[in-house]
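Visitor:
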Amino acid sequence: MKQKYSFKGALISNLVPIVFLAFAAFAVPMSGLSIQYLLEEMITRLARDSLLVLSLIIPVLAGMGLNFGMVLGAMAGQIGLVLVVDWGIGGMPALLVAALVGTPISIGLGYFCGYILNLAKGREMVTSYIIGFFMNGAYQFLLLYCMGSIIPISNPELLLSRGYGIRNSMDLPNIRQVLDRLVSVNIFGMNIPIVTFAVIAAFCVFIVWFKGTKIGQDMRAVGRNRAVANGAGIPVEKTRIMAIIISTLIACYGQIVSLQNLGTINTYNSHEQVGIFSIAALLVGGATAENASIVNVFLGVFLFHLMFVVSPMAGKNLLGDAQLGEYFRVFVSYGIIAVSLLLHAWKKRHEMLERRLLENSVKE
Amino acid sequence: MNVKLRRNLLRVALCLIAVAGGFLLSLVGMYHSIILDNSEFSSAGAVLPPLEGLRVLSEAEPVEMSPDDRILVSTKGPSTTLVFEITSPETQQSREISYTLHMGFKKQFFLSVPAIVGGGKNPFLVE
Amino acid sequence: MKNEDRKPKGRVGEFIANFGWPRIIIAIFLLLLFVIAPFIGIDIGTSLSDMLVRVGMNGILVLAMVPMIQSGCGLNFGLPLGIIAGLVGAVTSMEQNWQGLFGFGMALLLAIPLAVVLGIIYGYFINMAKGDEMMIGTYVGFSIVAFMSMMWLRLPYKNPLLVWGFSGTGLRTTISLNGFWMKVLDNFLAIRIGAHFFFPTGSFIFFALCCVLVWAFFKTKTGIAMSAVGSNPQFARAHGVSVDRMRIISVVISTVLGAVGMVVYEQSYGFIQLYMGPLYMAFPAVAAILLGGATINSATISNVVIGTFLFQGILTMTPSVINGMLKTDMAEVIRILVSNGMILYALTRKGKGMPK
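Sequence lines, in order, name chains A, B and C. Position 49 (the first sequence) corresponds to 50 in our numbering; numbering is contiguous. Position 86 (the second sequence) corresponds to 106 in our numbering; numbering is contiguous. Position 309 (the third sequence) corresponds to 310 in our numbering; numbering is contiguous.
1. Quick one: is G74(A) near chain B, going by C-beta distance under 8 Å?
2. If contact means a Cβ-Cβ distance below 8 Å, which residues of the segment 336-352 of chain A contact chain C?
3. For the candidate residues A230(A), V196(A) and M31(A), whose alpha-carbon lies nearest to that of N318(A)?
4. Is the beta carbon of S144(C) closer than 8 Å to that of A339(A)?
5. Do you know offhand how far L16(A)'s Cα is from G287(A)'s?
6. Mind the definition here: the segment 296-306 of chain C touches the segment 64-81 of chain C only if three or more C-beta pairs lie below 8 Å; say whether that holds.
7. Beta carbon of M52(C), beta carbon of T317(C): below 8 Å?
8. Give the residues of chain C in contact with F305(A), contact being defined as C-beta atoms less than 8 Å apart.
9. Could you check how far apart the C-beta atoms of G195(C) and G46(C) are, in whole angstroms? I think they sit under 8 Å.
10. Going by the beta-carbon positions, is the gap between A112(C) and G79(C) smaller than 8 Å?
11. Roughly how many angstroms separate the alpha carbons of W153(C) and P313(A), rounded to a whole number?
12. Report buried or exposed for I26(C), applying the criterion of at least 16 other Cβ atoms within 10 angstroms of its Cβ.
13. Give me the chain B residues within the contact set of L97(A), using Cβ-Cβ distance strictly less than 7 Å, ordered along the chain.
14. Distance check for Y112(A) and K131(C), CA to CA, integer angstroms please.
15. So is N298(C) in contact with chain A if we call contact Cβ pairs under 8 Å?
16. According to DSSP, is T301(C) part of a helix, a strand, or is it coil?
17. Cβ atoms of L304(A) and V285(A): under 8 Å apart, would you say?
18. Cβ closer than 7 Å: which chain A residues qualify as neighbours of I84(C)?
19. Looking at the unbroken alpha helix (DSSP H) that takes in R182(A), where does it start and where does it end?
20. Just checking: is the beta-carbon of A33(B) within a distance shorter than 8 Å of some beta-carbon in chain A?
21. Taking the alpha carbon of I80(A) as the reference point, which residue from V196(A), G66(A) and A95(A) has its own alpha carbon closest?
22. Using 8 Å for Cβ pairs, my map puts G255(A) next to L118(A). What's the rounded Cβ distance?
23. Please list, in chain order, all residues of the same chain as Q100(C) whose beta carbon is under 8 Å from its beta carbon, the five residues on each side excluded.
24. Name the chain A residues whose beta carbon is nearer than 7 Å to that of K127(B)?
25. In chain C, what lies closer than 8 Å to N124(A) by C-beta?
26. Under a three-way DSSP split, which group does M2(C) fall into?
27. Hey, would you say A99(A) sits closer than 8 Å to L82(A), going by beta carbons?
28. Under a CB-based cut-off of 8 Å, is V48(B) close to chain A?
29. According to the neighbour-count rule (16 or more other Cβ atoms, all chains shown, within 10 Å of its Cβ), is R336(C) buried or exposed?
30. Find the residues of chain A that neighbour A147(C), judging by a C-beta separation of less than 9 Å, and give them in chain order.
31. In chain order, which alpha helix (DSSP H) runs of at least 4 residues are fully inside the segment 163-210 of chain A?
32. Could you tell me the alpha carbon to alpha carbon distance between L320(A) and L156(C), rounded to whole angstroms?
33. Quick check: F126(C) and V146(C), are their CB atoms within less than 8 Å of each other?
34. Quick one: what's got a C-beta closer than 6 Å to G65(B)'s C-beta in the same chain, skipping five residues either side?
35. Work out the CA separation of N262(A) and G190(A) for me, nearest whole Å.
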């Protein structure tokens, strides 16, 4: 059912990013931060987090909603990095080895996640959300108890004072910004990490190419209508699992890229917020649980991080309290997702009602 | 069966390549700490005194080492070449000695400079 | 204890099938823990008391899940809204320095109207979000916790026991109930046997009262209509029941129970946790009721009771036993694995009368 292209239609379908842009237009001057600084921050954050958000696209394509299970991929990437640091590897090779180690872990975790999601059809988002929490428990068990005791860690600096268990935060002096600095171009006094963006572009190309392959088309069919896809002979369950595995893999690499930019791993915290923030960013970019494009990713990361950086200062200047600004930022982060989901649900009902009205009028 | 077999062989081959690649990358990216020691070195028979006017040139900036001094050198990669320049205080003549160390996967090395300069076979103080 | 699930003793197999293998396994596991405990030097009396106190503490929060499950709104991840109402009531009661059972009662009285208002608003959201209630509930819940975090800093509370010392404004993160109404319910008519055993009679009486109220409600016309809306909306609509209105009512009841449950929780725990504290408080309640055998669209009072007992039992016993055996503190990790594992299990089961 094609809708006439109208200004009102465009406004409604892009409501969330527009609301966000309006919010930003208000908050940016309020924060008192310079455009130069903001631009530089945004470029850094785009390079850092875009890959993570990209990982969300494929499950949406396959009709599995927003994959909170990307956290599992982030965990796999972190385990890879922890091991790499323990083995004393640095530089670009370190990132590659971490990715190499994280890959089988991601595939395993992705398979597990996809399998459970298949058992919970229709409730994928909540289920993947809980899987994220559950796996966090397993991850903590692995890193806090197994590593250093059952799994030998040779570098004592990584361990807690009690003798086993990985430390809460680790610096990555030999890995910090390795990818970013590989080829960096200086424009207007800002460092642009060319290779990082090249890697992100490569994954974008991959996603576009993938959508065109047979498996990609299968996923799209499964996403549109499981029963029809099944009737057409597509192995629905396997396809869905494949979507999650790919998503987990991309999240794994994305987390490695993100951490190399930061230069520090918060062993037990880094991955927790990854799911919430990536999904919030995607939603801000105008995506929904049924439709997500690459444009949504970049627009979303930009707007979300803009809000993220600007809120505390704006809150402080507006309300006189930096702590308030911090809570304000958290409120907006969660509120975005709530508002997006609500708006989208409202839109869906609106469309269904309109369609029903249309059908009824046609009958007469 | 042919297709299946071929596919599985391909998968095994790819896994092996990945693991081999991992090893190679680790070798290339491994960071090693080398501690150079300039104190008296004694081994079977020979006693080599600490050196005067010793400079280590293979770092970003040349580092001077006085007798009984120790410095830490951090390098990356499977092997490294250390260059020492020794200036005799009397004659003001310098000579350069190069020493190549193959490190492989080991991460810590403890070397005695007098032993290296003196052409000794085993400059390792601690294995 | 209402036991609609129990079958006559002769049909053991059918009982097991109805009760569900996971619950039996967990029950046996719990029993095992109690058996092992004395051998590791853990006192059974203390452990039992801990467990009972925790049941009384959490029971009503678990009960709050029932109305929304029955009306087809799924698991109430938006419980933080009710919890916030409970917090506001409690803090306001403390601001006025009301103590003892009176203070406790006033906290309830202040919390309930707020919970009704929040419940109505939340109910409208739930109705907008048919099919995705759980997700939206989670994020509405998170948003309100964050919003209230901002409010706690600014609301005009002045009692020096509640606010930060230096600035004089802004509530503290954790406020002790010592001297107010700490453990008033727990200690009410409490039974103590020996040095170690303590039965919190007051809490249990209150919990039982709430259970009876909810059970009675579902026998009324409104209650039956609500359950019908959950299991068969078309049928309900055909009989003139307003589906949307029933859902809103269920959300309101759920939120009110959440508020009441939170006040009870606080009196037992002894502390009021503001700011980000309530963020994840819905999850244990969800896990407990699922452990008790509820599904996404069907929950009974026995689910609540059994679930709370099993869940709190596991949470109490497992850490102390494992700590005793392995000399490590794995409590947190175990809690995460058990509670989320239970929720996962329930999410992957095919319940009767699936939504959509």
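C-beta atoms are modelled at their ideal positions from N, C-alpha and C, and glycine is treated no differently. All of these numbers come straight from a predicted model, not from anything done at the bench.
Guide: On the basis of the data shown:
1. Locating residue 74(A) in the first sequence gives position 73, counting from the first residue. So, not an interface residue.
2. G336, I338, A339, L342, L343, A346, W347 and R350
3. On the first sequence, residue 318(A) is found 317 positions in, with the first residue counted as 1. With distances taken between Cα atoms, N318(A) lies closest to M31(A).
4. Locating residue 339(A) in the first sequence gives position 338, where the first residue counts as 1. Locating residue 144(C) in the third sequence gives position 143, where the first residue counts as 1. The answer is yes: Cβ separation under 8 Å.
5. In the first sequence, the residue the question calls residue 16(A) occupies position 15. In the first sequence, the residue the question calls residue 287(A) occupies position 286. So the two alpha carbons sit approximately 8 Å from each other.
6. yes
7. Counting from one through the third sequence, the residue named residue 52(C) turns up at place 51. Counting from one through the third sequence, the residue named residue 317(C) turns up at place 316. Yes; because the gap between Cβ atoms is below 8 Å, this pair is in contact.
8. Numbered from its first residue, the first sequence carries residue 305(A) at position 304. Correct list: empty, because the minimum Cβ distance to chain C is about 15 Å.
9. Start at 1 with the first residue of the third sequence, and residue 195(C) comes out as number 194. Start at 1 with the first residue of the third sequence, and residue 46(C) comes out as number 45. Yes, they are in contact, since the Cβ atoms of G195(C) and G46(C) sit about 6 Å apart, within 8 Å.
10. For the purposes of this step, residue 112(C) is taken as residue 111 along the third sequence, with counting starting at 1. For the purposes of this step, residue 79(C) is taken as residue 78 along the third sequence, with counting starting at 1. Result no, Cβ atoms of A112(C) and G79(C) do not sit closer than 8 Å.
11. If you number the third sequence from 1, residue 153(C) lands on position 152. If you number the first sequence from 1, residue 313(A) lands on position 312. Spanning the two alpha carbons is a distance of roughly 17 Å.
12. Translated into the one-based positions of the third sequence, residue 26(C) becomes position 25. Per the 10 Å Cβ criterion, exposed.
13. Here residue 97(A) corresponds to residue number 96 of the first sequence, with the count starting at 1. Residues of chain B passing the Cβ test: L45.
14. Residue 131(C) sits at position 130 when you count from the first residue of the third sequence. Residue 112(A) sits at position 111 when you count from the first residue of the first sequence. Rounded to whole angstroms, K131(C) to Y112(A) spans 29 Å at the Cα level.
15. Numbered from 1 along the third sequence, position 297 holds the residue referred to as residue 298(C). Taking Cβ atoms only, chain A never reaches closer than 8 Å to N298(C), which makes this a no.
16. Here residue 301(C) is taken as the residue at index 300 of the third sequence, counted from 1. Three-state result, T301(C): coil.
17. Taking the first sequence and counting its residues from 1, one reaches residue 285(A) at position 284. Taking the first sequence and counting its residues from 1, one reaches residue 304(A) at position 303. Contact flag set, yes.
18. Taking the first residue of the third sequence as position 1, residue 84(C) is located at position 83. Within 7 Å Cβ-Cβ: nothing; I84(C) doesn't reach chain A, min ~15 Å.
19. Translated into the one-based positions of the first sequence, residue 182(A) becomes position 181. Per DSSP, R182(A) belongs to the alpha helix (DSSP H) from V179 to L183.
20. Position 13 of the second sequence, counting from 1, holds the residue named residue 33(B). A33(B) does not count as touching chain A.
21. Indexing the first sequence from 1 puts residue 80(A) at position 79. That would be A95(A), whose Cα lies nearest to the Cα of I80(A).
22. In the first sequence, counting from the first residue as 1, residue 255(A) sits at position 254. In the first sequence, counting from the first residue as 1, residue 118(A) sits at position 117. Incorrect: roughly 20 Å between the Cβ atoms, too far for contact.
23. For the purposes of this step, residue 100(C) is taken as the residue at position 99 of the third sequence. Same-chain partners within the cutoff: G180, F181 and W182.
24. As a first step, residue 127(B) is located in the second sequence; it is residue number 107 there, counting from the start. Result: G89.
25. Counting from one through the first sequence, the residue named residue 124(A) turns up at place 123. Looking at the sequence shown, residue 124(A) is not Asn but Arg. Residues of chain C passing the Cβ test: M135, I297 and L348.
26. Along the third sequence, one-based indexing puts residue 2(C) at 1. The predicted position of M2(C) is uncertain, since its pLDDT is 42 and thus under 50; a value taken from the coordinates is nonetheless stated next. The answer is coil: DSSP assigns M2(C) none of H, G, I, E or B.
27. To locate residue 99(A), count along the first sequence from 1; it is residue 98. To locate residue 82(A), count along the first sequence from 1; it is residue 81. Yes, Cβ-Cβ distance for A99(A) and L82(A) is below 8 Å.
28. Here residue 48(B) is taken as the residue at index 28 of the second sequence, counted from 1. Flagged as an interface residue toward chain A: V48(B), by a C-beta distance shorter than 8 Å.
29. Residue 336(C) sits at position 335 when you count from the first residue of the third sequence. Buried, by the Cβ-count rule.
30. Here the question's residue 147(C) lines up with position 146 in the third sequence. What A147(C) touches in chain A: Y328, F329, R330, V331, F332, V333, S334, Y335 and G336.
31. 179-183
32. Residue mapping note: residue 320(A) aligns to position 319 of the first sequence, counting from 1. Residue mapping note: residue 156(C) aligns to position 155 of the third sequence, counting from 1. Using only the alpha carbons, I get a separation of about 13 Å.
33. Working through the third sequence from its first residue, we reach residue 126(C) at position 125. Working through the third sequence from its first residue, we reach residue 146(C) at position 145. Cβ atoms of F126(C) and V146(C): not closer than 8 Å.
34. On the second sequence, position 45 is the one that residue 65(B) refers to. Note that G65(B) scores 45 on pLDDT, short of 50, meaning its location in the model is unreliable and no value can be drawn from it.
35. Taking the first residue of the first sequence as position 1, residue 190(A) is located at position 189. Taking the first residue of the first sequence as position 1, residue 262(A) is located at position 261. When only Cα atoms are considered, G190(A) and N262(A) end up about 19 Å apart.
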